[in-house]
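Novice: Taking the numbering used here, the leading residue of the sequence shown gets 14, the next gets one more, and so forth.
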Amino acid sequence: MGLLFSWSLFLTLMLSASVVDSVHGGNETDRLALLLFKAQITGDPFGALNSWNESIHFCQWVGVTCGRRHPTRVTGLNLDHRKLVGAISPHIGNLSFLKELSLQDNSFSHEIPPQLGGLKRLQLLAMDNNSFTGEIPTNISGCSSLISLSLGGNILSGKIPVELGSLSKLQVLAISSNHLTGGIPSSLGNLSSLRFFSVQVNSIGGSIPHALGKLTKLEVLALGQNRLVGTSPSSIFNVSSLKQFNVGSNQLQGMLPSELGNTLPNLRFIEVSLNLYTGSIPISISNATKLYHIGFSGNKFTGKVPCLEKLNNLGQLMLAENYLGSGEADDLSFLNSLTNATHFTHLFLTTNNFGGLLPNTISNFSTNMVILHIGSNKIVGNIPTGLANLVNLQILRLSVNRLTGQIPSDIGKLQNLEFLGLFSNKFYGNIPSSIGNLTRLTKLILYENNLHGSIPSSVGKCQMLVHLRLHQNNLIGTIPREVMSLSSLLRLHISRNNLTGSLPMEIGILKNLEELYVSENMLSSEIPSSLGSCVKLRVLNMEGNKFSGTLPPSLSNLRGMEEIDISHNNFSGQIPDYFEDFHFLHKLNLSFNDFEGVVPQRGIYGNVTAISVKGNNKLCGGIAELELQSCKSKGFTKKRSSRTMILIISIACGLLGLCLILCFLYRCSFRKKTNVSSFRLLGNSFLELSYRSLLKATDGFSPANLIGVGGFGSVYRGILDHGGKVVAIKVLNLQAAGASKSFIAECKALKNIKHRNLVKVLTACSSVDYKGNDFKALVYEFMVNGSLEEWLHPNENGYGVRNESRSLNLLQRLNIAIDVATALDYLHHHLSEPILHCDLKPNNVLLNEEMAAHVADFGLARFFRDTTCTSSVNQSSSIGIKGSIGYVAPEYGMGNEVSTSGDVYSYGILVLEMFTAKRPTDNMFIDGMSLHNFAKIALPEQVESILDPTLLQQREQGQSSSSINNDCSQRFAGSHKVREILISILNVGIACSEELPRDRLAMNDVLTWLHASKKTLLG
């Protein structure tokens, strides 16, 4: 009976399996494995797995391939570039017929399941560019048919498994860009079929095993950016199949074998830069005739560079920062052998001992030449004639040599040139006017030469010029007005010449100027009032000229100044007191002029190490450390009696005031709450204001002056008694949870930061109102153009009065994006203790009269003491991270600690909102759709479908509804490049708002990207 029952059960099971197969038309094991794989997916923004349901056969599901011999068995699973989020189900190991598993460029995390080791038929395993953690499973060695294993671009740790050496069929082993440690196992020398081995960008240590020399089919060996030590085994240089050899950025030493070029005849790429190699460059290297890239920079190579005449395929020769050459006449003779290299684009010989003349044969180099960098050597003679033949040259640096002669006029033919650096040589003669033809030039650096003549006005045609450095020459004449009209300039250095005349009134056009050095010339006249329009100016050095007159009141606009040196001139009049309120100013040199009157004592004037006023004999007062004469009134004797009366009245008033204070203190003695001293938080240099003065400034906090309401309080427009200054006053609602902590956090954050793109705090007030209730407020500079929110969504009701619709053109939006990125870059990377804003959104970006953006509201700001952004954060505030819905980084919602990448995420959403006019909380963003995905899916083909309609209208009509920069809108209307620029900008927003922090851009990369877009737009 038992046997009969077992047989009956077996038949039932077989019948059931048959029914299942007939229903699903395939293998149930594979179908269930795929469904379990899908069950582990927590994010599918593109809906890649929507087809994985019962309506169609699983062999027709997206990414699934079934076999020919076994049509109901899964042989391939390819889901590359789908941005899938989740873990890999261990049931993937049940796909026993699987030959290909490719999951590249997704967001998978957790460990790689060891069950993969059971896939005996697996030939390709590609999991690059995800977020897998843990170690590489050792039992992957069970995939005996494996041909390609790619796990690069993850967060894998631990050692390279020794067991991988048993994969006899393996041809590709790519595990670069992880966190692997340990050494390279000698067992990998058993991989006789291996052609590609890359483990670069890890933390692999130890030496390179000799066993790798047994890999006779190896074509690519990439071990760069690790911690390898010792010498490079000679056996590797006998692998004649090798095409790429990269061991750069390690700590390898020794000498390269003399027969390198003979034993590696197929070599195309050799990179050993940033190691400790010594000896000479092998003469035989010229026999490796297929070489395209030679990277030997940053070592200790000596001797002469051998002849390279056989390297006709050479494109890049990098020999910088060695000890090559001996200062002799023939050091650069090897350059003669490169004239037949028709693909030659990059030559780096910087910081060596090369001497002699630059060979004239340089002018016969390939016209594809892009970079020619031979600075910091001992080269003499003239610039070779015919250099202008290199018509595609973008960077020419011959600086810090001993070159003489004149700068050739035909240099103006290099119309693709972006960087011209000839500084620290002995050039003489005039600066050729043909430089004005270099319309793509961004940096012109000619300082420390013997150049004479005048500054050519044609330089004003270089409309993209950012740095102009002509100091320490013998230039004469006046400063051309055309140069002062280059609105792109950030740095203008023309000190230590013999320039005469005045500072042109056109200097006010330099809205982006940050540094102005005109010291040690013979400039005269008064400072033009237009200088006050250079609101981004940080450094002003006019020392050692003949400037005269009083300092114009317009300089009070330069609130971002950090250094001012106007010493050794003929300035007169009173020392301006507005410097007291320059909170970023840390150096003020007014010495050796003819100033008179009282020296103020607040702000910069109270720091004896930061100010110099010597040589002004008519000054008096100031702090005691300045040792100036006291300020005595001439009518002191005659007015003694009146002063006595004033003294009596003052004493009486003082006694009355003392009584009032005692009464007030008596009333406050019943209060248990202790107020936070805002001045202790902000510092004593800030303006001191009372509750009464703020009440008066806002007309009793009148609703008519209300310009905004936030989570912790309200913002009012006010006019102070102190000079009638218009300010913004943020009054904290202390009944709101966290408001007091927000006040403290904002005070601490704003105490020491200083940047032109951050809203400047003027003071804080921590007091009590007339009812005895706690009162806290922050006072900021008023931004007349309101918030970015009002400009992006002008038709929606808000606080404040607007009489007309507002819209931003393309250039304005791009400038605002750059301003905000600049502010975040400063907060994240340019402070001793980085600051995280934690609440970036359009409401917290304010615009001044020039439409320059200022980041505001640091109520949720945190100090960040670990710039790696990965370890624990010890904040200065205990406020819980809230942020704003739609802008807060997704990892914060999962309890992750704050990091700079959280601010980057908010910035990315901000950029997308700026150019699409879609809020991240728009009702359309449901069922997995987000502003990030909305933009990503549309690019690049459907970019017009997601743009703010006002941008499209401006593009079609060539005009903006706003009069600001209207000419720019007309200029770019209908241009094809505008579309490409918009795609590029939106890609910035997408790259910043990626779900995983590790996939987001850094702010310095954002700035590079956006500045490039702006150059293209203005070009």
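No residue lacks a Cβ here, since even glycine has one placed at the ideal position from N, Cα and C.
#1: So, is residue 1034 buried or exposed, given that buried needs 16 or more other C-beta atoms within 10 angstroms?
#2: Hey, residue 371 and residue 392: beta-carbon distance below 8 Å or not?
#3: Assign residue 682 to one of two classes, buried (16 or more other C-beta atoms within 10 Å of its C-beta) or exposed (fewer than that).
#4: Relative to the alpha-carbon of residue 425, which residue among 381, 460, 472 has its alpha-carbon at the smallest distance?
#5: Any contact of the segment 352 to 362 with the segment 310 to 325, i.e. 3+ C-beta pairs under 8 Å?
#6: Tell me which residue opens and which closes the beta strand (DSSP E) that residue 583 is part of.
#7: On a CA-only basis, which of 849, 158, 569 is nearest residue 134? Give me that one, please.
#8: Which ranges does the alpha helix (DSSP H) cover as unbroken runs of at least 4 residues, wholly within the segment 274 to 314, from first to last along the chain?
#9: Span of the alpha helix (DSSP H) holding residue 927?
#10: Report the rounded CA-to-CA distance for residue 796 versus residue 241, giving the unit in angstroms.
#11: May I have the straight-line CA-CA distance separating residue 269 from residue 617, to the nearest angstrom?
#12: Consider the C-beta atom of residue 740 and the heavy atoms of the ligand PLP; say whether any pair is separated by less than 7 Å.
#13: Starting from residue 187, follow the alpha helix (DSSP H) in both directions and report where the run begins and ends.
#14: Within 10 Å of its beta-carbon, does residue 783 have 16 or more other beta-carbons around it, so buried, or fewer, so exposed?
#15: Is residue 223 helix, strand or coil when you go by DSSP?
#16: Leaving out five residues on either side along the sequence, give the residues of the same chain with a beta carbon under 8 Å from the beta carbon of residue 934.
#17: Should residue 734 be labelled buried (16 or more other beta-carbon atoms within 10 Å of its own) or exposed?
#18: Where does the unbroken alpha helix (DSSP H) through residue 1018 begin, and where does it stop?
#19: At what residues does the alpha helix (DSSP H) containing residue 783 begin and finish?
#20: Rounded to whole angstroms, what is the Cα-Cα separation between residue 278 and residue 234?
#21: Please give the ranges of any beta strand (DSSP E) in the segment 344 to 383, keeping only runs that are unbroken, at least 3 residues long and fully inside the region.
#22: Decide if residue 83 is buried, meaning its Cβ has at least 16 other Cβ atoms within 10 Å, or exposed.
#23: Counting beta carbon pairs with one atom in the segment 857 to 874 and one in the segment 769 to 789, are three or more of them shorter than 8 Å?
#24: Kindly indicate the opening and closing residues of the alpha helix (DSSP H) around residue 838.
#25: According to DSSP, simplified to helix, strand and coil, what is residue 497?
#26: Can the beta-carbon of residue 262 be found less than 8 Å from the beta-carbon of residue 287?
#27: Is the segment 62 to 77 in contact with the segment 123 to 143, if contact means three or more CB pairs nearer than 8 Å?
#28: Give a yes or no on contact between the segment 786 to 795 and the segment 950 to 964, applying the rule of three or more CB pairs nearer than 8 Å.
#29: Thinking just about the alpha-carbon of each residue, which of 451, 367, 442 is nearest to the one in residue 411?
#30: Do the CB positions of residue 201 and residue 225 come within less than 8 Å of each other?
#31: Within the continuous alpha helix (DSSP H) that includes residue 42, where are the two ends?
#32: Per DSSP, which residues does residue 489 bridge with? Please list them.
#33: For residue 946, report the span of its beta strand (DSSP E) as first-last.
#34: By how many angstroms is the C-alpha of residue 475 removed from the C-alpha of residue 452?
#35: Can you tell me the Cα-Cα spacing of residue 841 and residue 491, whole angstroms?
#36: Within a Cβ cutoff of 7 Å, which residues of the same chain sit near residue 955, ignoring the five residues on either side of it in sequence?
Specialist: A quick look at the data gives this:
#1: Examination of residue 1034 is not possible in this model, given that the chain is present from 14 through 1032 alone.
#2: Translated into positions along the sequence shown, residue 371 becomes position 358. Translated into positions along the sequence shown, residue 392 becomes position 379. Their beta carbons are under 8 Å apart, which means residue 371 touches residue 392 by this criterion.
#3: As a working mapping, residue 682 is identified with position 669 in the sequence shown. With a pLDDT of only 40 at residue 682, under 50, the local geometry of the prediction cannot be trusted, and the value read off the model is given with reservation. Its Cβ having fewer than 16 others within 10 Å, residue 682 is exposed.
#4: Residue mapping note: residue 425 aligns to position 412 of the sequence shown, counting from 1. Of 381, 460, 472, the residue nearest in Cα terms is 472.
#5: yes
#6: Position 570 of the sequence shown, counting from 1, holds the residue named residue 583. Residue 583 -> beta strand (DSSP E) spans 583 to 587.
#7: As a working mapping, residue 134 is identified with position 121 in the sequence shown. Checking every option, the nearest Cα to that of residue 134 belongs to 158.
#8: none
#9: Start at 1 with the first residue of the sequence shown, and residue 927 comes out as number 914. Start and end: 913 to 929.
#10: On the sequence shown, position 783 is the one that residue 796 refers to. On the sequence shown, position 228 is the one that residue 241 refers to. Distance between the alpha carbons of residue 796 and residue 241 is about 55 Å.
#11: Counting from 1 along the sequence shown, the entry for residue 269 is found at position 256. Counting from 1 along the sequence shown, the entry for residue 617 is found at position 604. When rounded, the distance between both Cα atoms is 59 Å.
#12: This structure does not include the ligand PLP; it has no bound ligands of any sort.
#13: Taking the first residue of the sequence shown as position 1, residue 187 is located at position 174. Premise fails: residue 187 lies in the beta strand (DSSP E), 185 to 187, not in any alpha helix (DSSP H).
#14: As a position in the sequence shown, residue 783 is number 770, starting the count at 1. Per the 10 Å Cβ criterion, exposed.
#15: Numbered from its first residue, the sequence shown carries residue 223 at position 210. Three-state DSSP puts residue 223 in a helix.
#16: Counted from its first residue, the sequence shown places residue 934 at position 921. So the qualifying residues of the chain are 898, 899.
#17: Counting from one through the sequence shown, the residue named residue 734 turns up at place 721. Answer is exposed; the Cβ neighbour count stays below 16.
#18: One-based indexing of the sequence shown puts residue 1018 at position 1005. Note, residue 1018: alpha helix (DSSP H), 1016 to 1031.
#19: The residue labelled residue 783 in the question sits at position 770 within the sequence shown. Note, residue 783: premise wrong, no alpha helix (DSSP H); not H, not E.
#20: Here residue 278 refers to the residue found at position 265 of the sequence shown. Here residue 234 refers to the residue found at position 221 of the sequence shown. Taking the straight line joining both Cα atoms gives about 15 Å.
#21: 359 to 361, 368 to 370
#22: The residue given as residue 83 occupies position 70 in the sequence shown. Residue 83 comes out exposed.
#23: yes
#24: Translated into the one-based positions of the sequence shown, residue 838 becomes position 825. Per DSSP, residue 838 belongs to the alpha helix (DSSP H) from 823 to 842.
#25: One-based indexing of the sequence shown puts residue 497 at position 484. If DSSP states are grouped into helix, strand and coil, residue 497 belongs with the helices.
#26: If you number the sequence shown from 1, residue 262 lands on position 249. If you number the sequence shown from 1, residue 287 lands on position 274. Yes; because the gap between Cβ atoms is below 8 Å, this pair is in contact.
#27: no
#28: no
#29: Stepping through the sequence shown from its first residue, residue 411 is reached at position 398. The residue with the shortest Cα to Cα distance from residue 411 is 367.
#30: The sequence position of residue 201 within the sequence shown is 188, counting from 1. The sequence position of residue 225 within the sequence shown is 212, counting from 1. Yes.
#31: Residue 42 sits at position 29 when you count from the first residue of the sequence shown. First-last of the alpha helix (DSSP H) with residue 42: 41 to 52.
#32: Locating residue 489 in the sequence shown gives position 476, where the first residue counts as 1. Paired residue(s): 467, 511.
#33: Taking the first residue of the sequence shown as position 1, residue 946 is located at position 933. Note, residue 946: premise wrong, no beta strand (DSSP E); alpha helix (DSSP H) at 944 to 951.
#34: Residue mapping note: residue 452 aligns to position 439 of the sequence shown, counting from 1. Residue mapping note: residue 475 aligns to position 462 of the sequence shown, counting from 1. Distance between the alpha carbons of residue 452 and residue 475: 5 Å.
#35: As a working note, residue 841 is residue 828 in the sequence shown. As a working note, residue 491 is residue 478 in the sequence shown. Approximately 42 Å, taken between the alpha carbons.
#36: Stepping through the sequence shown from its first residue, residue 955 is reached at position 942. Excluding sequence neighbours, residue 955 sits near nothing in its chain.
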